[in-house]
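Those protein sequences? They're chains A and B, same order as listed. Going by numbering that gives the first Met the number 0, the first residue of the first sequence is number 0, and it counts up by one from there. Going by numbering that gives the first Met the number 0, the first residue of the second sequence is number 0, and it counts up by one from there. Note that the Cβ used here is the ideal one computed from N, Cα and C, for glycine as well.
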Amino acid sequence: MRDEAKLVEKVLDGDESAFEALLHPYRKGILNMAYQICLNPEDARDISQEAVVKAYQYLNKFKKTKRFKNWIYTITVNAAYDFLHKKSSQQNLIKEKEHIDIDKKHSPEKLYQNKEIRDKIKSCLQSLTPKERIVYVLRDVREFSIKETSQFLKISSQSVRTHLSRARKKIRFQYEKLNHKKGDAYEL
Amino acid sequence: MNCKKIKKWLPLYMENDLPTKKASRIKSHLTECPLCQQEYQKYKNSLSKTNKWIQSETLEWEEQEWRDTLERAFSHKKPKDKIFIPLSFKPAWTFALMLVMAAVLSIFVVNPSIMKKERSAAAASDINLVDTQQQVEFTLVSLEKNIKIKWIFNKDFNLKEEIK
């Protein structure tokens with residue numbers, strides 16, 4: 000934490016390489032948090048890039064007594080929320096385009112499996128509102144506490160519990176609907 | 000606690016997101032009620048599988064992409080020290096400062112003789128200078144109704160109002 004405070008000071012003094020060192024431990028976390036929230040590789044990359052740019056721009060507002068990890072994840076969550084909110088207002092959240100992560104390292108079988116998994120998750124998550132989705136990913140997928148989740152979203156712990164309860168109910172409903180639709184041959 | 004209430008609280012009971020007292024009441028109910036126990040298992044199964052799928056979905060930065068992102072960040076305005084944050088970012092302080100400046104200006108605009116008085120008082124003696132600083136006057140004039148209101152604050156900030 001002290002090292003991070005020193006790195007922040009260096010960045011504020013104009014040392015750009017210090018910014019890279021500061022973000023390095025969290026770069027994968029930023030990208031995956033964005034990806035698990037929006038479940039679209041292209042959108043996740045856009046959200047992460049936006050978060051990195053904002054982190055650099057507003058680093059002067061970071062309080063050195065706080066944890067940098069929480070600060071950078073708050074920026075990522077807010078960028079993801081803005082993105083989802085914008086997208087849902089355009090009514091595109093459900094009808095997302097088909098995206099296959101083009102990666103030459105992956106075999107066609109692997110790509111197919113990935114796509115299949117992504118489709119299943121999307122079916123379970125598509126009924127959630129942007130806030131429910133984010134609360135669910137932060138608490139259940141990223142395993143942050145209720146208090147941390149409330150700090151990321153700047154809402155009360157009670158509000159986090161309400162969104163979380165609704166999200167879990169909807170996921171369970173979607174999961175069973177999917178299982179019922181596919182029958183026993185398609186056990187998820 | 001009846002089954003209806005248990006069903007309401009089950010989603011939060013799953014990951015210990017309830018107060019201990021409530022959680023222990025639900026726990027004891029689940030040992031006695033097979034229907035609620037079944038409901039609990041359904042929740043557990045659907046949530047744990049969904050969580051695992053999402054956790055298995057990961058991406059990696061390509062090195063070039065990461066470099067480009069950093070370059071994009073550096074091309075934006077550089078962060079500055081907190082001292083140099085423009086006042087426009089602090090609306091409350093900007094408003095307060097403007098209010099004080101307007102009050103000070105109004106003293107001289109409405110009653111420019113104050114400056115002259117101060118100068119002449121200062122020239123007369125040091126004691127008089129102290130006297131002139133014992134109070135601040137604000138004069139508000141309504142031309143329409145021909146009313147003049149004078150607010151006088153003494154050194155203890157007590158207000159005295161004169162209406163003419």
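Report buried or exposed for A:T75, applying the criterion of at least 16 other Cβ atoms within 10 angstroms of its Cβ.
A:T75 comes out buried.
Range of the contiguous beta strand (DSSP E) that encloses A:S47:
Secondary structure note for A:S47: it is in no beta strand (DSSP E), and the uninterrupted alpha helix (DSSP H) holding it is 40-56.
If you draw a straight line from the alpha carbon of A:H179 to that of A:S156, how long is it in whole angstroms?
Cα to Cα, A:H179 sits roughly 34 Å from A:S156.
What's the C-alpha gap between B:Y42 and A:L22?
The alpha-carbon atoms of B:Y42 and A:L22 are separated by roughly 37 Å.
Have a look at A:E19, A:Y80, A:R66 and flag the residue whose alpha-carbon is nearest the alpha-carbon of A:A43.
Just measuring C-alpha positions, the residue of A:E19, A:Y80, A:R66 sitting nearest A:A43 is A:Y80.
Rounded to whole angstroms, what's the CA-CA distance from B:R201 to B:F73? Just pull it up for me.
Absent from the model: residue 201 of chain B. The displayed extent of chain B is 0 to 163, so no value can be given.
Per DSSP, B:I140 forms a beta bridge with which residues?
Before going further, note that residue 140 of chain B is Val rather than Ile in the sequence given. Its beta-bridge partners are B:K147.
So A:F151 and A:Y72 are in contact, right, with Cβ under 8 Å, and what is the actual spacing, rounded?
In this structure, A:F151 and A:Y72 form a Cβ contact; the two beta carbons are roughly 6 Å apart against a cut-off of 8 Å.
Exposure label - B:I84; buried when at least 16 CB within 10 Å
Low per-residue confidence applies at B:I84: pLDDT is 49, beneath 50, and the placement is therefore not dependable, though the value from the model is reported in the following sentence. Taking all protein chains in view, the Cβ of B:I84 is surrounded by fewer than 16 other Cβ atoms within 10 Å, so the residue is classified as exposed.
Let me make sure I understand the geometry here. Which of B:F137, B:S47, B:W150, B:Q54 has the alpha-carbon closest to that of A:Q35?
Ranking B:F137, B:S47, B:W150, B:Q54 by CA distance to the CA of A:Q35 puts B:Q54 first.
Assign A:N164 to one of two classes, buried (16 or more other C-beta atoms within 10 Å of its C-beta) or exposed (fewer than that).
The amino acid at residue 164 of chain A is misidentified as Asn; the sequence shows Ser. Buried, by the Cβ-count rule.
Given that a residue counts as buried once 16 or more other Cβ atoms are within 10 Å of its Cβ, and exposed if not, what is B:I146?
Exposed.
At what residues does the beta strand (DSSP E) containing B:L158 begin and finish?
Counting along the chain, the unbroken beta strand (DSSP E) around B:L158 starts and ends at 158-162.
For A:G28, report the span of its alpha helix (DSSP H) as first-last.
Annotation for A:G28: the continuous alpha helix (DSSP H) segment containing it runs 26-37.
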